[in-house]
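Colleague: Starting off with a structure, shown below.
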DNA sequence: CGCTCAGTTGAAGCATTTCAATTCTTGTGG
DNA sequence: CCACAAGAATTGAAATGCTTCAACTGAGCG
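Chains as they are written, first to last, in the numbering used here: chain D, 1 to 250; chain P, 1 to 250.
Okay, structure coming up:
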């Protein structure tokens, strides 16, 4: 699937929907005007659209403004591992921009709006706007931290713990970007996506989710995920909530 | 285990052992003089020494100059996941410096020499030396890429594929920093370390290694690992060697 | 109203873990 | 130089968790 229609200029940065998120409060006017000049366009996609493909160079770097997406890698025989979900405010394509080709594919789950800017100009950002360059590294460090925890899950947590952790993780991330209302999120993915993230078979993922449900830790209400209390879920996942004290966005 | 003896000033940056590595050739004189001012000391540790601990703040940032180390996370009940091995040239503690507390522990495998500089001064690097700041992000992006591939391994490769990939990965990384001679490396870790990296039990790791050995893909000669030909090993791991074309350091 | 995709379920098979020894290596003290 | 201790590697057998196979059910949509 190639990229969609040509870029169109819609949202000017000062009116960027992300600015309402807590994470991006700290951006100064100077920084904002710099970003504005960097932005080359906006990409609006439908659901299930491939934005960047593994093994190809990425000339554009994106920030997700609206919607959900996910990153995955696959083996030749079709086995697929979802390495992370992408939420508003996340970068897409830094890895490819820095290292050459993309090492993973990025696909949308919902209709999405992405802000794009040319790979070649990242360097300007480092030269002219160190505070933003710092933020880029900050995002990379956070992503690394998320991947580390996911690695712990796949390597050492069993199916139930792993699923409990992952649902909690997604819930907290969604909460950070304002997607949670009254302890409820709409997760736009199927159990198959989840199984590919957890490294489990679809069947076992299903049974595991049912079990969490039966234990009353997570409730599914026609497409919405409701977590009455995160503490016992964290407990089940063997995940230390204290960790969020200093790293609220993990 | 606390840190060892107080810092001592030994190797001046222009004489840094890392400078002989290919990766670091590109550093200019300006950059070098800047780094020199940043360096606050050198840490020399024995083997099996904890350099940074999960859950604690890291006031120092390190670069590994000599030796091997590894990063790990653990669950309360003792299960441990090694998320990555650290080789000369790698950063230690960026994640903690950026996000607050460390989210993982770093422990040496061999006697090691680390170059240290204060966390608070990273910011200067971003302000005064954008090219180095860029390098920091480059390293972070590479690390992210490594973690992605590891995630694919734990989630979707079976024991043999996973072990084959990981040994190949370590071999290639060791090669990049000049630790390979005539297709042979000295891996300073035990099978238990490897099992904690692969997310397998020790027993099964042993049987899996034996199998790779029996298939002639890897040979173990009193502590040395000999890989006659990387192509069939990559094949067994379902790993695409082509990927190294654009990302030589993965 | 019937098609399609997502979710659900039971049963059989297999990969990996766990348990329990045993052997091999390496370093140390006599 | 040998004996011994301690850690690391190796092995077989039993137990278990997860996968695979093969249906079936339910919900959304033209």
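Glycine included, every Cβ here is placed at the ideal spot set by N, Cα and C.
For a quick check, are the C-beta atoms of residue 96/D and residue 243/P less than 9 angstroms apart?
Modeller: No, these two residues do not count as a Cβ contact at 9 angstroms.
Colleague: Opposite residue 118/D in the DSSP bridges: which residues?
Modeller: Looking at the DSSP assignment, residue 118/D forms a beta bridge with 60/D.
Colleague: Relative to the alpha-carbon of residue 285/D, which residue among 78/P, 147/P, 90/P and 133/P has its alpha-carbon at the smallest distance?
Modeller: Residue 285/D falls outside the range modelled here, since chain D spans only 1 to 250, and no answer is possible.
Colleague: Mind checking whether residue 11/P and residue 89/P have CB atoms under 9 angstroms apart?
Modeller: Their beta carbons are not under 9 angstroms apart, which means residue 11/P does not touch residue 89/P by this criterion.
Colleague: What does the alpha-carbon distance come out to for the pair residue 8/D and residue 43/D?
Modeller: The pLDDT assigned to residue 8/D is 46, lower than 50, so where the model puts this residue is not dependable; a value taken from the coordinates is nonetheless given after this. So the two alpha carbons sit approximately 7 angstroms from each other.
Colleague: With 9 angstroms as the threshold, decide whether the Cβ of residue 155/P is near any Cβ in chain D.
Modeller: Cβ-Cβ to chain D under 9 angstroms: yes for residue 155/P.
Colleague: Determine the closest residue to residue 124/P out of 241/P, 149/P, 222/P and 34/P, with distance taken between C-alpha atoms.
Modeller: Answer by Cα proximity: 34/P.
Colleague: Among residues of its own chain, excluding the 5 on either side of residue 122/D, which ones have a beta-carbon nearer than 7 angstroms to its beta-carbon?
Modeller: Correct list, in chain order: 61 and 97.
Colleague: What is the DSSP secondary structure of residue 48/P, counted as helix, strand or coil?
Modeller: Coil.
Colleague: Have a look at residue 182/P and residue 167/P and give me their C-alpha separation to the nearest angstrom.
Modeller: Approximately 16 angstroms, taken between the alpha carbons.
Colleague: Could you tell me the alpha carbon to alpha carbon distance between residue 116/P and residue 127/D, rounded to whole angstroms?
Modeller: Taking the straight line joining both Cα atoms gives about 25 angstroms.
Colleague: Rounded to a whole number of angstroms, what is the C-alpha to C-alpha distance between residue 57/P and residue 239/P?
Modeller: Residue 57/P and residue 239/P: Cα-Cα distance of roughly 37 angstroms.
Colleague: Alpha carbon to alpha carbon, how far is residue 113/P from residue 14/P? Give it in angstroms, no decimals.
Modeller: So the alpha carbons of these two residues sit roughly 16 angstroms apart.
Colleague: Cβ of residue 107/P less than 9 angstroms from any chain D Cβ?
Modeller: No, residue 107/P does not count as interfacial toward chain D.
Colleague: Measure the alpha-carbon distance for residue 154/P versus residue 155/D and round it to whole angstroms.
Modeller: Taking the straight line from one Cα to the other gives about 6 angstroms.
Colleague: Look up residue 250/D in the DSSP assignment and say whether it is helix, strand or coil.
Modeller: Note on residue 250/D: pLDDT 47, under 50, position unreliable in the model; the coordinate value appears next. Looking at residue 250/D - three-state DSSP - the assignment turns out to be coil, as it is neither helix nor strand.
Colleague: Taking just the CA atoms, how far does residue 29/P sit from residue 159/D?
Modeller: Rounded to whole angstroms, residue 159/D to residue 29/P spans 52 angstroms at the Cα level.
Colleague: Could you tell me if residue 149/P is buried or exposed, where buried requires 16 or more neighbouring beta carbons within 10 angstroms of its beta carbon?
Modeller: Buried, because 16 or more other Cβ atoms sit within 10 Å of the Cβ of residue 149/P.
Colleague: How close, in whole Å, do the beta carbons of residue 52/D and residue 92/D come, if the pair is a contact with beta carbons under 8 angstroms?
Modeller: Contact flag correct, Cβ pair sits at about 6 angstroms.
Colleague: Who are the Cβ neighbours of residue 235/D in its own chain at under 6 angstroms, not counting the five residues just before and after it?
Modeller: So no residue of the chain qualifies.
Colleague: So, is the C-beta of residue 8/P closer than 9 angstroms to a C-beta in chain D?
Modeller: In this predicted model, residue 8/P has a pLDDT of only 47, less than 50, meaning its place in the structure is not dependable enough to derive any value.
Colleague: Counting Cβ pairs closer than 8 angstroms, one from the stretch 66-85 of chain P and one from the stretch 186-198 of chain P, do we hit at least three?
Modeller: Output reads yes: the stretch 186-198 of chain P touches the stretch 66-85 of chain P.
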